[in-house]
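Scroll down for the structure; my scribbles are underneath it.
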Amino acid sequence: MQNKLMMKLVVGSEAIFFIALIISYLFFWRTGHFQREVAEHLNIKLTGIFTLFLLSSSFTFWMAERSYKNQKDRSMKIWLLTTIVLGLVFLAGQGHEYYTLLQENLTISKSEFGSSFYTLTGFHGLHVFIGLIILTILLILAMRGIFRRNTSTVISTIGIYWHFVDAVWVVVFTVIYILPYIL
Amino acid sequence: MIEQSENNATVQDPYQPWSGRILQCLSSVDHKEIGIMYLIMALLFFAVGGTEALLMRTQLAIADNHFLGPEAYNQIFTMHGVTMIFFVAMPALFGLMVYIIPLMIGANDMAFPRLNAFSFWITFFGGQLLYFSFAAGGAPNAGWFNYAPLNETFYSHSNGINYYCMGLLLAGIGSVTTAVNIVVTILTMRVEGMTLRRLPLFVWMSLVNSFLVLAALPSLNAALSMLLLDRLLDAHFFRTAAGGSALLWQHLFWVFGHPEVYIVILPAFGIYSEVFQVFSQKKIFGYAFIAASTVAIALLAFGVWVHHMFAVGLGNTITGFFAASSMLIGIPTGVKIFSWLATMYGGRIKLTVSMLFAVAFLIEFTIGGLSGIAFSIVPIDLQLTDTYFVVAHMHYVFVGGTVFGIFAALFYWFPKMSGRMLDETLGKWFFWLFVIGFNLTFFLQHFLGLMGMARRVYTYPEIPYYTILNMLSSAGAYIMGIATLLLLYNVYRSLKKGKIAGNDPWNAFTLEWYTASPPNEKNFDDVPLVSSRRALWDFKNPDNRDED
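For the record, the sequence lines run as chains A and B.
FYI, my numbering numbers position 181 of the first sequence as 181, with every residue one higher than the one before it.
FYI, my numbering numbers position 111 of the second sequence as 294, with every residue one higher than the one before it.
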């Protein structure tokens, strides 16, 4: 109860942090060249595929939580591990994307698009990274048999954070990758 | 009861060496020790920020002075503002909240004691990092709201603003985690019978305030991160020459900055609500109105930020909207002022130092409120923006509101925290010196502002009345300085040989006065049944219990 309330408040506060970053991104959109730069630099299909990995990690975490409630220790560990792997794949995808963009000489100091793009996606990536650290700790604790009984709220608490990170990405992906094609 | 508090091994063990006691404090997760560490931190930074104020007033005492050069002056007024807001007002209020809230709701600690310690230390080190900038080539020098593009490397070469960003980011994380901790504590750890409608008003205000912190600080954190990226990695956010926007900084800053000024006043409102009741020996008037108007203030806080930016020229529609919303703030605040007046009306008023500060607050804060309403009228704002009228206005609300509240709280809760009373005679000297000094310093600045004296300029030429008014203003600042030394002496002396307080020296109404002074490591062994808003009153007057 206390843990979950705490995490909900943290997530609410974090949501406002991302809203501030997203508004800043949209604020610079008015300079007019965002559409061109997005079309020129960003690979919506590839990032879309990596997005699917992140979204499915929400599903696998949900499965892990379900196994935990049904006291299926082994399957919980497997689902947790899958979640971590999916998150890692997403981060690798982001790394690959950054690498390609830097090859194309789009840096954070190149333009307002560069600044806002790297800041917004970078802070999201940082949150995924922090989530992966937490999940790894969770997995280690599970390996040590801390979660034998299904009374702990730790897993569902971390779930709130992990699903939040996913939800943020849905918004960020929509704003950065999809919106230029609609507007 | 007195014996009990003196034999309190965890707090006052005479055989424990002082180094051991300090180590115990540093590693403590007890909400009372953390609360006191917050207060000590605030006191240290108050001394530093106050010294900076005195340096400024010394520089401004006479025309064409060269005691401080422009570079030093810019750094000092910036550091004064940042210090007083982020490392005095906020830690002092957080310290009081962290100390008092669990006691008021009958809990034995905060919901997350270790998170509590984390919040304190990260705030503390944020402050250290900010001050390290003096050693690292120069303090931040673009004012506490640090406008773009002045905050960019092109205009501010030293590392100061980088330290500003990092120091405030750390303190910001500390504030958010404390706020989370306070909300969870209040919502989940109340003693049986204490419904939300029976919460003491200080707790109510702290609850609302914590939501303000949660919603406001992220905007500052985002802006600071972006500024740091600008300065360290050449991003373009606020660099106007490279296509960035100075306006974006102003919006992000004031979306945080306006709620921030309520963040430092709402807990003080909570303190006054307790003090007025106890020293009028009367139940608060309009409990529901005070609580509801707090929520109204918190919501309005996010709809008024552009009144800091009228001079930017955003167009009549926008400024008109924000002028109207800013005037609305006067309504819930007025509701509170009248509730407090009505609480005093017909009560048995005892003018202790705590109560004196509360009464003085009513007057000073109303003056600050009226000059605030004046600023919401756009033509007046355009005329007076960036003059000493602004300085006068904000000090009337910050000092007359927040700092007086902290002093009222100090005199009110010192007996609970230390087991001894703060000396009332010395306290009254302190009160009168401080209040006279304060009004001398800042009331005159209204006139300086109306005459057009610009703030944040290190000196001024010989203009009729400028020198005499500035000289008097500086004299007032020194009187406040002397008063503060008197307060420090009072605290020192009262800790050594103040009158023993006992559990309930003020005949108060809330649960923190039920337990020992200072409370044991475990706050309560038992808690009286809560069936109204004044649990302790009911306990002391079983035949005359409150209805609600």
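Idealized CB from N, CA, C, for every residue including glycine.
Residue burial classification, residue i (beta-carbon count within 10 angstroms, cutoff 16)
i: Phe317 of chain B; result: exposed
i: Trp201 of chain B; result: exposed
i: Arg240 of chain B; result: buried
i: Arg207 of chain A; result: Since the first and last residues shown for chain A are 1 and 183, residue 207 of chain A lies out of range.
i: Gln311 of chain B; result: exposed
i: Thr378 of chain B; result: exposed
i: Pro701 of chain B; result: buried
i: Glu186 of chain B; result: With a pLDDT of only 39 at Glu186 of chain B, under the threshold of 50, the placement of this residue in the model should not be trusted, and no figure is reported.
i: Ile424 of chain B; result: Looking at the sequence itself, residue 424 of chain B is Ala, so the reference to Ile does not match. So Ala424 of chain B ends up on the exposed side.
i: His576 of chain B; result: buried
i: Leu243 of chain B; result: buried
Test: residue i CB closer than 7 Å to a CB of chain B
i: Ile108 of chain A; result: yes
i: Glu104 of chain A; result: no
i: Val10 of chain A; result: yes
i: Ile16 of chain A; result: yes
i: Leu21 of chain A; result: yes
i: Ser152 of chain A; result: no
i: Gly5 of chain A; result: The amino acid at residue 5 of chain A is misidentified as Gly; the sequence shows Leu. At least one chain B Cβ lies under 7 Å of Leu5 of chain A.
i: Glu112 of chain A; result: yes
i: Gln35 of chain A; result: no
i: Gln94 of chain A; result: no
Chain A within 7 Å of residue i, Cβ atoms only
i: Asp417 of chain B; result: yes
i: Asn299 of chain B; result: no
i: Ala331 of chain B; result: no
i: Thr423 of chain B; result: no
i: Ser537 of chain B; result: no
i: Pro401 of chain B; result: yes
i: Lys440 of chain B; result: As written in the sequence, residue 440 of chain B is Gly, which differs from the Lys given in the question. Chain A contact via Cβ: absent.
i: Leu397 of chain B; result: yes
i: Val391 of chain B; result: no
i: Gly426 of chain B; result: yes
i: Thr336 of chain B; result: no
i: Ala481 of chain B; result: no
i: Ala294 of chain B; result: yes
i: Thr477 of chain B; result: no
i: Val363 of chain B; result: yes
i: Val367 of chain B; result: yes
i: Asn190 of chain B; result: Low local confidence applies: a pLDDT of 41 at Asn190 of chain B is under 50, so the model's placement there is unreliable, and no value is given.
i: Val487 of chain B; result: no
i: Thr526 of chain B; result: no
6 Å Cβ shell around residue i - same chain, five flanking residues per side excluded
i: Ile512 of chain B; result: Leu483
i: Leu276 of chain B; result: Pro450
i: Ser57 of chain A; result: Thr83, Leu86 and Gly87
i: Gly203 of chain B; result: none
i: Ile532 of chain B; result: Ser463
i: Tyr697 of chain B; result: Leu719
i: Lys77 of chain A; result: Ala142
i: Leu390 of chain B; result: Ile369
i: Pro383 of chain B; result: Met287 and Thr693
Cβ-Cβ separation, residue j to residue i (assumed contact under 8 Å), whole Å
i: Tyr25 of chain A; j: Val168 of chain A; result: Not confirmed; about 13 Å, so no contact.
i: Phe129 of chain A; j: Leu91 of chain A; result: 6 Å
i: Thr638 of chain B; j: Val580 of chain B; result: For the record, residue 638 of chain B in the displayed sequence is Arg; it is not Thr. At roughly 16 Å, the Cβ-Cβ gap does not stay under 8 Å, so Arg638 of chain B and Val580 of chain B are not in contact.
i: Ile589 of chain B; j: Leu623 of chain B; result: Their Cβ separation, rounded to whole angstroms, is 21 Å, which puts Ile589 of chain B and Leu623 of chain B out of contact at 8 Å.
i: Gly440 of chain B; j: His491 of chain B; result: 7 Å
i: Gly93 of chain A; j: Phe123 of chain A; result: In fact, because the Cβ distance is near 17 Å, the residues do not count as touching under 8 Å.
i: Ser302 of chain B; j: Asn324 of chain B; result: Rounded, the Cβ-Cβ distance is 29 Å, inconsistent with contact.
i: Glu607 of chain B; j: Gly583 of chain B; result: Not a contact, Cβ separation roughly 22 Å.
i: Gly289 of chain B; j: Val710 of chain B; result: 4 Å
i: Phe228 of chain B; j: Thr266 of chain B; result: 5 Å
Cutoff 7 Å; reference residue i; Cβ partners in own chain excluding five residues on either side
i: Leu670 of chain B; result: Phe613
i: Met293 of chain B; result: His214, Val281, Pro285, Asn299, Asn364 and Thr368
Proximity test, residue i beta-carbon vs the ligand SAM heavy atom, cut-off 6 Å
i: Phe625 of chain B; result: Here there are no bound small molecules, and the ligand SAM is not part of this structure.
Proximal residues of chain C, C-beta to C-beta of residue i below 8 Å
i: Ser24 of chain A; result: Protein chains A and B are contained in the structure displayed, whereas chain C is not.
8 Å CB neighbourhood of residue i in its chain, flanking five on each side removed
i: Asp166 of chain A; result: Leu54, Leu55, Ser57 and Ser58
i: Pro332 of chain B; result: Tyr338, Phe421, Arg422, Thr423, Ala424, Gly427 and Ala429
For the stretch 229–273 of chain B, which segments carrying the alpha helix (DSSP H) assignment without a break, of at least 4 residues, lie completely within its bounds, in sequence order?
Correct list: 253–265.
Which runs of the beta strand (DSSP E), 3 residues or longer, sit entirely within the stretch 687–728 of chain B?
none
May I have a chain-ordered list of the beta strand (DSSP E) segments no shorter than 3 residues that lie completely inside the stretch 545–579 of chain B?
none
Within the stretch 483–549 of chain B, ranges of the alpha helix (DSSP H) (whole runs, at least 4 residues):
Restricted to the stretch 483–549 of chain B, the alpha helix (DSSP H) segments that are unbroken, complete and at least 4 residues in length are 499–511 and 513–527, listed in chain order.
My parser needs the alpha helix (DSSP H) runs of 4 or more residues fully inside the stretch 375–456 of chain B; what are they?
384–416 and 429–446
Report the start-end ranges of each beta strand (DSSP E) in the stretch 294–371 of chain B that is 3 residues or longer and not cut off at the edges.
none
Which whole runs of the beta strand (DSSP E) in the stretch 97–141 of chain A are 3 residues long or more, in chain order?
none
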